[in-house]
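Undergrad:
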Amino acid sequence: MTTDQQAARSRILTAAAVVFARKGYGAAGIREIAQEAGVNISMISYYFGGKEGVLKEIINQAFARYIAMLDECLDPGKDLDENIRCAAHGLIRFFRERTEEAIVAFDIMPLTIPESLDLIAGFKLKILEKLSGIFGKAGFGMDDPASYGLVAGTMPMLVLTHFQGLFAMQETGKLDELREQYQLKYDDAYFNDYADKMADFVLGGIERLKARNAGGEE
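Each residue of the sequence shown is one higher than the one before, starting from 1101 at the first, in this note's numbering.
1. Enumerate, from N- to C-terminal direction, the unbroken alpha helix (DSSP H) stretches of 4 or more residues contained entirely within the region 1195 to 1251.
2. So, is Ala1127 buried or exposed, given that buried needs 16 or more other C-beta atoms within 10 angstroms?
3. Could you tell me the boundaries of the alpha helix (DSSP H) in which Leu1174 lies?
4. Measure the alpha-carbon distance for Ile1144 versus Arg1312 and round it to whole angstroms.
5. Counting pairs of beta carbons, one from the region 1249 to 1265 and one from the region 1217 to 1235, are three or more of them closer than 8 Å?
6. I'd like to know whether the C-beta atoms of Gly1239 and Lys1178 end up nearer to each other than 8 Å.
7. Can you tell me where the alpha helix (DSSP H) holding Glu1147 begins and where it ends?
8. If distances are taken between C-alpha atoms only, which option among Ile1141, Leu1170, Ala1268 comes closest to Arg1185?
9. Among Ala1121, Gln1135, Lys1123, which residue has its Cα nearest to the Cα of Ala1108?
10. Using only CA atoms, which one of Thr1102, Asp1287, Thr1199, Lys1224 lies nearest to Leu1260?
11. Using a Cβ-Cβ cutoff of less than 6 Å, which residues in the same chain neighbour Phe1223 once the five nearest sequence positions on both sides are dropped?
12. Enumerate in chain order the residues of its own chain whose CB-to-CB distance from Ala1188 is below 8 Å, with the five nearest sequence positions on each side excluded.
13. To the nearest angstrom, report how far apart Ile1213 and Arg1122 are at their CA atoms.
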């Protein structure tokens, strides 16, 4: 594949993520994706076989990057606090760098498309396997699936909801109004603070669950 072909393929994926995040998969059209990417419609079929193929590749790349981030962060030899904080900052960085792709891959939307179900399920299993050792040390293994589901799924859903809101405000032109009204700066300092406080929130919840499971006060 030539450099120009690789660039065109990358533009298609980036454009499709924007259109999918903006309109949803069902309402997005191939023509709109091609226009956003600045390519001919035929190129989408050539590289991906159509809209479904584009979605699958977005999911593939997004989850591969997410798993790579977890591999860098998670270490069974470290304590839970350090693992959670590293994952919190990595998750924020992941969403900031590729916001639209992350929204598309982590949103509930792909679960309504049969062709993407097996793909997402496979990635979810990989993620659960990576997290099980970390949380198992804290007493939240698969022998307590309710607690495990809560602590393993809280941060991704919190970050997804936050960035969906920012994306919606950006698309509707209201983000600048919000910044001006509340003097907000969505910069490195803001997101570092967000990640640290999210880690505090999750770790505090874990302590509460531990107390509950031990029969202590909630």
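We put the CB at the ideal spot given by N, CA and C, even for glycine.
TA: Quick answer:
1. For the region 1195 to 1251, the full-length alpha helix (DSSP H) segments reaching 4 residues or more read 1199 to 1206, 1214 to 1236 along the chain.
2. exposed
3. Run containing Leu1174: none; DSSP gives neither H nor E here.
4. If you draw a straight line from the Cα of Ile1144 to the Cα of Arg1312, it is about 53 Å long.
5. yes
6. In this structure, Gly1239 lies away from Lys1178, with their beta-carbon atoms at least 8 Å apart.
7. It is worth fixing the name first, because residue 1147 is Tyr in this sequence and not Glu. Looking at the DSSP string, the run of the alpha helix (DSSP H) that includes Tyr1147 is 1141 to 1148.
8. Leu1170
9. Gln1135
10. Thr1199
11. Excluding positions up to five away in sequence, the list reads Phe1163.
12. Met1255, Ala1295, Asp1296, Met1298, Ala1299, Val1302
13. 17 Å
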